[in-house]
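In full-length UniProt numbering, the protein residues as written are 1 to 423.
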């Protein structure tokens with residue numbers, strides 16, 4: 001009997017290994033195929049020069065803001081990484097969750113809530129520190145009650161989604177021998193479902209939306225979307241000013257439910273610049289960037305489920321849990337999800353920067369207004385206090401978009417290639 005069980009275990013690990021390799025190859029292939037590695041022909045984009053487009057005062061202000069907000073950001077990042085390591089590499093989580101009593105499913109849910117509460121209690125002062133810095137620099141308009149409410153709502157959404165994932169894995173491990181197969185399928189499906197319901201279910205939790213009143217701007221935005229071949233159901237204004245002074249817009253939803261969403265803070269800027277911001281977002285819709293990102297994320301989640309099985313033997317020895325069917329495995333699962341997010345972040349940023357550059361080129365193709373693009377980038381960078389010269393660590397860890405000087409250099413290259421006066 002023991003020999004049969006051992007043979008079955010070896011066979012399962014071999015099958016999981018094959019599945020892991022196949023999924024890994026598929027993820028890499030999808031990323032390679034969907035990522036626009038060159039927004040413009042090679043060698044046409046000059047090196048960015050912050051001093052050319054930003055005054056010494058703007059450069060100094062951006063650097064000072066980065067210095068003020070960097071410490072709480074780095075500390076929060078480090079604490080999250082340390083806590084995840086404790087859950088995965090030590091018996092800390094298993095011992096803590098071993099004190100819980102009740103049915104297995106209740107212990108799993110309570111474990112997720114307890115561990116999340118511990119991490120957030122440790123990181124909460126850092127969030128307060130960061131918010132104080134935002135207020136000092138004029139980027140936050142919230143009072144503490146609103147800030148706390150938004151933070152708790154975000155935590156609530158995270159806890160609900162994480163609880164579903166952890167509960168499903170433990171339940172499958174308790175009932176199915178090859179639990180990693182339905183777990184991978186479920187992770188894929190949950191990621192896709194979350195992406196589709198996010199605009200309808202989660203966005204309204206954090207902002208109120210109202211239709212943009214009829215007028216020249218609404219007409220221009222809808223006409224631009226029609227000219228671009230992107231079906232848009234409505235143009236909405238989000239009440240972002242209750243939270244921030246930052247400027248932004250985005251395209252939300254899929255197909256017939258797609259909406260253009262403009263921050264109310266953006267409405268104070270010149271109309272051509274608003275149109276350029278929206279043209280950039282239409283570029284994401286035109287190239288189905290959200291769908292591509294959802295596919296990559298879903299495949300990554302499925303790969304993670306198989307990888308979890310492959311690592312389960314090592315993790316069991318390090319943490320002291322009996323198996324993934326053990327309710328105490330909730331801590332291990334939380335830690336692995338956190339580590340996966342942290343470790344994949346730099347790669348996600350690389351892909352994101354290329355996707356954003358393509359959307360910039362799309363906006364320039366659609367508007368043919370590089371001078372307005374440069375003015376808009378200057379305004380956005382100044383209003384949002386964007387880092388104009390991030391160091392290597394910041395760029396790798398946090399830069400999901402090209403810097404403003406990089407985007408301006410791209411616009412100048414586009415102008416030269418298209419015979420438009422260079423701004």
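No residue lacks a Cβ here, since even glycine has one placed at the ideal position from N, Cα and C.
- Residue 420 sits in coil when the DSSP states are folded into three classes, being neither helix nor strand.
- In the pairwise beta carbon analysis, the region 300-316 is classified as touching the region 328-340: at least three pairs are separated by under 8 Å.
- Assignment of residue 386 by DSSP, reduced to helix, strand and coil, places it in the coil class.
- Remark: C-beta atoms of residue 302 and residue 45 do not approach each other more closely than 8 Å.
- 312 is the residue among 312, 25, 51 and 163 whose C-alpha sits nearest the C-alpha of residue 89.
- A straight-line Cα-Cα distance of about 19 Å links residue 284 and residue 220.
- Per DSSP, residue 252 is one residue of the beta strand (DSSP E) stretching across 249-252.
- Taken in chain order, the unbroken stretches of alpha helix (DSSP H) that lie wholly in the region 9-64 and span 4 residues or more are 50-53.
- Ranked by how close their Cα comes to the Cα of residue 122, the residues 164, 85, 149 and 76 have 76 in first place.
- Between residue 228 and residue 366, the C-beta gap is smaller than 8 Å, which places the two residues in contact.
- In terms of CA proximity to residue 337, 112 leads the group 112, 23 and 30.
- Residue 236 is bridged by DSSP to 211 and 261.
- Between residue 43 and the set 420, 409, 138 and 254, the nearest pair of CA atoms involves 409.
- DSSP places residue 128 in the uninterrupted alpha helix (DSSP H) bounded by 104-136.
- A check of alpha carbon separations from residue 57 across 397, 406, 186 and 385 identifies 385 as the nearest.
- Per DSSP, the continuous alpha helix (DSSP H) segment holding residue 195 begins and ends at 180-197.
- Across the structure, residue 197 and residue 280 are spaced so that their CA atoms are roughly 23 Å apart.
- Annotation for residue 324: no alpha helix (DSSP H) segment contains it, and DSSP assigns it neither H nor E.
- Sequence-distant partners of residue 258 (beyond 5 residues in either direction) whose C-beta falls short of 8 Å from its own C-beta, in its chain, are 230, 231, 232, 233, 251, 252 and 285.
- Close CB contacts of residue 218 within its chain, under the 7 Å cut and outside five residues either way in sequence, are with 212 and 235 (chain order).
- In the three-state DSSP reduction, residue 400 falls in the coil class, being neither helix nor strand.
- Counting only runs that start and end inside the region 303-372, the alpha helix (DSSP H) elements of at least 4 residues fall at 329-367.
- Residue 102 and residue 290 have their alpha carbons spaced roughly 41 Å apart.
- DSSP, reduced to helix, strand and coil, places residue 141 outside both helices and strands of the structure shown, so it counts as coil.
- The beta-carbon separation of residue 243 and residue 120, rounded to 19 Å, does not stay under the 8 Å limit for a contact.
- By the C-beta density criterion, residue 118 is exposed, having fewer than 16 other C-beta atoms within 10 angstroms.
- Going by DSSP, residue 176 is part of no alpha helix (DSSP H) at all; its letter is neither H nor E.
- Between residue 176 and the set 12, 296, 362 and 240, the nearest pair of CA atoms involves 12.
- In terms of Cα proximity to residue 238, the closest of 245, 209, 295 and 37 is 209.
- Taking C-beta atoms as the reference points, residue 39 and residue 361 count as a pair closer than 8 Å.
- DSSP places residue 283 inside the alpha helix (DSSP H), whose first and last residues are 271-286.
- Under the three-state reduction of DSSP, residue 294 is assigned to helix.
- Here the alpha carbons of residue 363 and residue 416 stand approximately 16 Å from one another.
- A buried status is given to residue 298, since no fewer than 16 other beta-carbon atoms sit within 10 Å of its beta-carbon.
- When the beta-carbon positions are compared, residue 400 and residue 349 come within less than 8 Å of each other.
- Residue pairing for residue 244: DSSP places it in a beta bridge opposite 140.
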